[in-house]
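Using my numbering, you'd call the opening residue of the sequence shown number 261 and step up by one each time. Below is one structure, written out as structure tokens; comments come after it.
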Amino acid sequence: MNIPAPRLDTIWRHIILLWLIGVLAAAELGKFASLAPVIREDLGLSLVQAGWLVSLIETGGATLGLIAGLLIGRLGSRKALIIGVTLLTVAGIAEALSSSVMPLFAARIVESAGYLLIVIAAPSLITHVARPQDQAHALTLWSTFVPAGFAIGMILSGIALTLSHWTGALWLWAVVAVIALIAAWRSPPVEVKTDTKFSLPVPAVWLLCGGFGFYTTLFVGLIAMFPAFLIAHGLTPTAAATVTGIASAATLGGAWVAGQALHRGERARWIALGVGLLIPAALSLLIFAGGHPLWLAVLIVALNAVSGIASSIVFARLPKMSVVFDAAAANGVLTQFGAGGSLIGPPLLAFIAGHWGWSAVGIAVVVGSFCALGLMVLAERTAKRQATSSTSNAA
């Protein structure tokens with residue numbers, strides 16, 4: 261008896277469901293970026309503590325990304341996805357019930373475990389659910405889950421603040437997580453088992469991922485700090501959250517530019533990489549020099565739009581540098597550096613702002629951007645030397 265293939269619309273419903281679960285996971289980062297200034301005032305948090313509250317969701321990826329990938333390979337991606345959404349739900353309820361600092365931080369760590377499981381399991385499921393001719397489009401959709409989720413988390417949390425206390429906003433996200441958990445049971449009934457063996461990536465991959473670590477330290481740190489900065493310059497918490505959410509979504513424009521550059525060859529790619537790192541660095545100096553809130557909002561959106569170019573190029577170049585090696589290991593290293601930068605960035609920039617003022621943040625972004633660019637350029641040159649050496653040995 262032949263089992264009919266699933267209908268195309270059914271396949272894409274499953275893919276979109278998985279993407280939406282990823283968007284929810286990313287929204288958990290955005291929600292606290294929006295709520296942190298109000299929570300900080302209510303609970304008496306320092307600027308650094310508020311930064312950690314935002315970035316703690318990256319704890320799992322920063323410490324266990326590679327190991328989690330191997331464990332999920334044995335457990336099965338669908339089971340891991342459901343466990344991940346369950347942890348988001350439990351943590352969301354615990355956060356809404358929290359009235360002091362320590363329970364809030366503890367719930368945030370649980371939430372980070374759920375986030376890690378989702379961001380590893382969901383793309384694996386998408387790859388297996390999508391038809392071969394649709395996989396590229398499906399994974400391109402998946403690649404947008406972080407900016408989309410962060411923007412939604414920022415904007416909806418900001419709106420919720422106008423209607424209720426910050427605990428009311430957290431209850432809203434807890435309810436959304438419950439709905440997502442119910443929907444997760446409708447995800448494709450397939451279990452993806454992967455090979456648990458892996459080889460360490462080549463030096464070019466480590467250099468590229470190191471550059472990406474600098475990138476995420478800077479730009480996740482900035483997006484987390486912008487609400488407090490805008491509030492300090494006269495915007496309401498809701499307006500500041502809305503501007504930051506729009507800025508996060510603007511990175512999608514940078515991703516489109518990167519795609520065009522990648523199709524135009526090596527020279528266009530080099531130019532795009534430089535633009536994607538150095539133009540935002542210059543804009544950061546203008547932003548943290550201060551000015552009218554409307555002018556600052558425009559600059560912040562522009563900074564984030566251009567910065568999206570660099571991250572998209574990194575994701576596109578990684579498989580090119582690790583094509584003959586274990587791709588899972590390379591992606592694990594990228595996750596580790598990216599999550600580590602996201603974890604360190606908000607409290608680091610908060611520390612700099614608290615001790616030396618907002619203008620010092622702009623200087624730090626310039627220095628870090630040059631470090632990121634230097635490592636990425638070195639990665640490209642190392643990969644080229646390795647390719648030349650491999651060709652010579654083969655001959």
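Just so you know, even glycine gets a beta-carbon here, dropped at the ideal spot from N, CA and C.
Check whether the segment 566–573 touches the segment 533–551, taking contact to mean three or more Cβ pairs, one atom from each stretch, closer than 8 angstroms. yes
Return helix, strand or coil for residue 391, following the three-state DSSP convention. coil
Burial state of residue 331 (16 or more Cβ within 10 Å): exposed
Endpoints, the alpha helix (DSSP H) within which residue 526 is located: 526–547
In angstroms with no decimal places, state the Cα-to-Cα distance between residue 508 and residue 564. 6 angstroms
Which term fits residue 644, buried or exposed, when burial requires 16 or more other beta carbons within 10 angstroms of its beta carbon? exposed
Which residue marks the beginning of the alpha helix (DSSP H) containing residue 355, and which one marks its end? 337–357
Identify whether residue 461 lies in helix, strand or coil by the three-state DSSP scheme. coil
What did DSSP end up calling residue 274 once you bin it into helix, strand or coil? helix
Is residue 571 helix, strand or coil by DSSP? helix
Taking all protein chains shown into account, decide if residue 358 is buried (16 or more other Cβ within 10 angstroms of its Cβ) or exposed. buried
Would you call the CB atoms of residue 307 and residue 299 closer than 8 angstroms? no
Within the chosen definition, does the segment 624–638 reach the segment 488–505 through at least 3 CB pairs nearer than 8 angstroms? no
Does the distance from the CB of residue 275 to the CB of residue 386 come in under 8 angstroms? yes
Quick one: is residue 392 buried, meaning 16 or more other Cβ sit within 10 Å of its Cβ, or exposed? exposed
Sequence-distant residues of the same chain with beta carbon closer than 7 angstroms to residue 318, five excluded per side: 372, 599, 602, 603
With 16 other CB atoms within 10 Å as the buried threshold, where does residue 229 fall? The question about residue 229 has no answer here: the residues shown for the chain are numbered 261 through 655.
State the CB to CB distance for the pair residue 493 and residue 556, rounded to an integer number of angstroms; the pair is presumed to be in contact (CB under 8 angstroms). 6 angstroms
Give me the Cα-Cα distance between residue 618 and residue 418, rounded to the nearest whole angstrom. 23 angstroms
Could you check the C-alpha separation between residue 310 and residue 524 for me, to the nearest Å? 43 angstroms
Label residue 439 either buried or exposed according to how many other C-beta atoms from any shown protein chain fall within 10 Å of its C-beta, with 16 as the threshold for buried. exposed
On a Cα-Cα basis, can you pick out the residue from 287, 279, 292, 552 that is closest to residue 427? 292
In chain order, each alpha helix (DSSP H) run of at least 4 residues that lies wholly inside the segment 399–444: 405–423, 426–444
Same chain, Cβ closer than 7 angstroms to residue 611, neighbours up to 5 away in sequence not counted: 308
Which same chain residues, not among the five before or five after residue 528, have their C-beta less than 7 angstroms away from its C-beta? 521
Quick check on the burial criterion: 16 or more other C-beta atoms within 10 angstroms. Buried or exposed for residue 360? exposed
Can you tell me which of the three DSSP states residue 577 falls into? helix
Alpha-carbon spacing of residue 640 relative to residue 468, whole angstroms: 8 angstroms
Taking DSSP as the reference, what is the three-state secondary structure of residue 446? coil
Do you know offhand how far residue 446's Cα is from residue 340's? 14 angstroms
So, is residue 656 buried or exposed, given that buried needs 16 or more other C-beta atoms within 10 angstroms? Residue coverage of the chain in this structure runs from 261 to 655, which leaves residue 656 outside it and unanswerable.
Hey, residue 401 and residue 530: beta-carbon distance below 8 angstroms or not? no
Contact set for residue 379: own chain, Cβ-Cβ below 7 angstroms, skip 5 residues either direction: 282, 285
Determine the DSSP secondary structure at residue 496, reduced to helix, strand or coil. coil
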